[in-house]
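*Asks:* Counted from 1, the sequence shown has number 86 at position 86 by the UniProt record's numbering; the numbering is strictly sequential. Beta carbons: idealized from backbone N, C-alpha and C, even for Gly.
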Amino acid sequence: MSRPDVTSLRPSEETAGLNPITALGSLDDTTRANIVGTIVGHPKGAPSKKELEYYNPSVAASTLTDHLSRLKKVGLVEVVERDREGLERGQPYRFFRLTNAARDLFDRNNLFEPGAYRAMFAEVEKTDEIEAAEAVDRPGDQD
Numbered sequence: 001m002s003r004p005d006v007t008s009l010r011p012s013e014e015t016a017g018l019n020p021i022t023a024l025g026s027l028d029d030t031t032r033a034n035i036v037g038t039i040v041g042h043p044k045g046a047p048s049k050k051e052l053e054y055y056n057p058s059v060a061a062s063t064l065t066d067h068l069s070r071l072k073k074v075g076l077v078e079v080v081e082r083d084r085e086g087l088e089r090g091q092p093y094r095f096f097r098l099t100n101a102a103r104d105l106f107d108r109n110n111l112f113e114p115g116a117y118r119a120m121f122a123e124v125e126k127t128d129e130i131e132a133a134e135a136v137d138r139p140g141d142q143d
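#1: Can you round the beta-carbon distance between residue 19 and residue 35 to whole angstroms, since I take them to be within the 8 Å contact cut?
#2: Ignore the nearest five residues each way along the sequence and tell me which others in residue 130's own chain have a CB closer than 8 Å to its CB.
#3: Which of helix, strand or coil does DSSP assign to residue 108?
#4: With C-beta atoms as the reference, is residue 39 less than 9 Å away from residue 77?
#5: Within a Cβ cutoff of 6 Å, which residues of the same chain sit near residue 102, ignoring the five residues on either side of it in sequence?
#6: Using 10 angstroms around the beta-carbon of residue 181, count the other beta-carbons present and answer buried if the total reaches 16, otherwise exposed.
#7: For residue 30, count neighbouring C-beta atoms within 10 Å of its own C-beta (all shown protein chains included) and say buried if the count is 16 or more, exposed if not.
#8: How big is the Cα-Cα spacing for residue 114 and residue 86?
#9: Here's the rule: buried if 16 or more other CB atoms are within 10 angstroms of the residue's CB, otherwise exposed. What is residue 136?
#10: According to DSSP, is residue 36 part of a helix, a strand, or is it coil?
#11: Taking all protein chains shown into account, decide if residue 99 is buried (16 or more other Cβ within 10 angstroms of its Cβ) or exposed.
#12: For residue 133, count the other beta carbons within 10 Å of its own beta carbon; 16 or more makes it buried, fewer makes it exposed. Which is it?
#13: Give me whichever residues DSSP pairs with residue 48 in a beta bridge.
#14: CB-CB under 8 Å to residue 91, same chain, minus the five flanking residues each way: which ones, in chain order?
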């Protein structure tokens, strides 16, 4: 990972409320960086916890929850929920996505380029259960 340009670490209008130094500092942990990479690479940009667990198999569920809480606290990740009506048992309704401020910060510092992560993501073998989870509509889907 290249060093960010310090001048680009000043909050822009889009990153209001996000401290760039604290946000980027939270990514010094490989697991948190991998979680962000999973979110960026996800075909819909908003994986469920089930999907995050699948794509990060070495991370215990409780540890994943702790890392997601940290990423939310620093303003990189937000939780979005969809209406549970029409969902089959076991289908996800809560998803994790980058905040607009995070995407702006990453774009200004050439971090977590979506195309590269989506290409890697597409190579991963998926179970039927994960394919079904990916197929669930997320809030804001344009499909």
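*Replies:* From the atom records:
#1: The Cβ separation is near 19 Å, so there is no contact.
#2: 50, 51, 54
#3: helix
#4: yes
#5: 76
#6: Outside the modelled stretch of the chain, which goes from 1 to 143, sits residue 181, for which no answer is possible.
#7: So residue 30 counts as exposed.
#8: 30 Å
#9: buried
#10: helix
#11: buried
#12: Its Cβ being crowded by 16 or more others within 10 Å, residue 133 is buried.
#13: BP columns for residue 48 point to 95.
#14: 132, 133, 136
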